[in-house]
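Going down the list, the sequences are from chains A and B. Numbers 1 to 142, taken from the UniProt record's numbering, label the letters of the first sequence in order. Numbers 1 to 147, taken from the UniProt record's numbering, label the letters of the second sequence in order. In what follows, a structure is listed as structure tokens, so that the remarks can point back to it.
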Amino acid sequence: MTLTQAEKAAVVTIWAKVATQADAIGAESLERLFSSYPQTKTYFPHFDLSQGSAQLRAHGSKVMNAIGEAVKNIDDIRGALAKLSELHAYILRVDPVNFRLLSHCILCSVAARYPSDFTPEAHAAWDKFLSSVSSVLTEKYR
Amino acid sequence: MVHWTAEEKQLITSVWGKVNVEECGAEALARLLIVYPWTQRFFDNFGNLSSPTAIIGNPKVRAHGKKVLTSFGDAVKNLENLKATFSKLSELHCEKLHVDPENFRLLGDILIIVLAAHFTKDFTPACQATWQKLVGVVAHALAYKYH
């Protein structure tokens, strides 16, 4: 699954806006994930997951920074996220199904904050982009 | 049988009360066909689905989107009895339409995103969680009579 030039452009355009609120969007996305899919909390027994927690914010930041790296290197996501890919495969071992859940929650957060920018075309591009990122992060699992 | 708390029922009915079924239905179906193009396989007779613009403007897409979301409204009115409410529709989707139930989940998630865009900050994580539960049980009810 490769992104077309138009899709890459759509991803980059929306990212420019998302980046200005990356931390908040990251934290909100995780909050949505843990509320809608409580089973995802099993990966964070060591975290304070209450709303507004510093750990939640820090982790949301981390996730969004990684997405930002993927956007900046959209022609070589695999290269940009190589270390993260190994981390998820050998250390974190988050079940692949959860990437789809988090991607969905990120899309919800972005749609809620930028409804007029989140056109069907932008939505399709972002869904595909996050799917690409997820594939890269799980490709070394076995 | 699914249990709904008073808070969940409130979140469902208050959101649903503000939904324009025709607009929202049309948008949800259009986005499904755009974001997941393979779902177009069920709509060979819908005419022009060749681009996002064509899909959004397609009158059959709009009409069918409205039909689907109107039916979803039956779920909101019958939260305690979803399997019975969707029994006939479930049989239809299996025996006549041959729709993989995975598509119900895809459409449910698209609907959630449409609601998020529409209600913005009012579509809180708690609100989303309730609606994820609703679209999940509707998908389950629609798949229930599959054989």
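The beta-carbon is built from N, C-alpha and C at its ideal position, and this holds for glycine as well.
Rounded to whole angstroms, lysine 121/B and glycine 108/B show a C-alpha spacing of 20 Å.
Using a C-beta cut-off of 8 Å, the region 121 to 132 of chain B makes no contact with the region 66 to 78 of chain B, since fewer than three inter-stretch Cβ pairs fall below that distance.
When the five nearest sequence neighbours on each side are left out, the beta carbons in the same chain lying within less than 7 Å of the beta carbon of glycine 60/A are those of Asp23, Gly26, Ala27, Ser29, Leu30, in order along the chain. Below 8 Å, too few C-beta pairs join the region 85 to 104 of chain B and the region 4 to 16 of chain A to call them touching: fewer than three. The beta carbon of tyrosine 114/A lies closer than 8 Å to those of Ile14, Lys17, Val18 in the same chain, with the five residues before and after it left out. Note that the C-beta distance between serine 36/A and glutamine 128/B is below 9 Å.
By the 16-neighbour rule on beta-carbons within 10 angstroms, asparagine 58/B is buried. Threonine 119/A is positioned such that its CB atom lies no closer than 9 Å to that of proline 37/B.
With a threshold of 9 Å between beta carbons, leucine 107/A makes contact with chain B.
For the pair of segments examined, the region 91 to 108 of chain A was found to touch the region 120 to 127 of chain A: the number of CB pairs separated by less than 8 Å reaches three. For methionine 64/A, the enclosing alpha helix (DSSP H) covers residues 54 to 72. If you compare the alpha carbons of His118/B, Phe104/B, Leu11/B, Leu106/B with that of serine 109/A, the shortest gap goes to His118/B. Glutamine 132/B counts as buried, since at least 16 other C-beta atoms from the protein chains shown sit within 10 angstroms of its C-beta. Between the alpha carbons of serine 14/B and glycine 52/A lies a gap of roughly 26 Å. For chain A, the residues of the region 32 to 51 of chain B that bring a beta carbon within less than 7 Å of one of its beta carbons are Ile34, Val35, in chain order. Rounded to whole angstroms, the Cβ separation of leucine 137/A and leucine 81/A is 6 Å, and the two are in contact under 8 Å. By the Cβ neighbour-count rule, alanine 141/B is buried, with 16 or more other Cβ atoms within 10 Å of its own. Its chain contains Cys127, Thr130 as the residues whose beta carbon lies nearer than 6 Å to that of leucine 11/B, once the 5 sequence neighbours on both sides are disregarded; these appear in chain order. Distances from the alpha-carbon of alanine 75/B to those of Tyr146/B, Val137/B, Val19/B put Val137/B closest.
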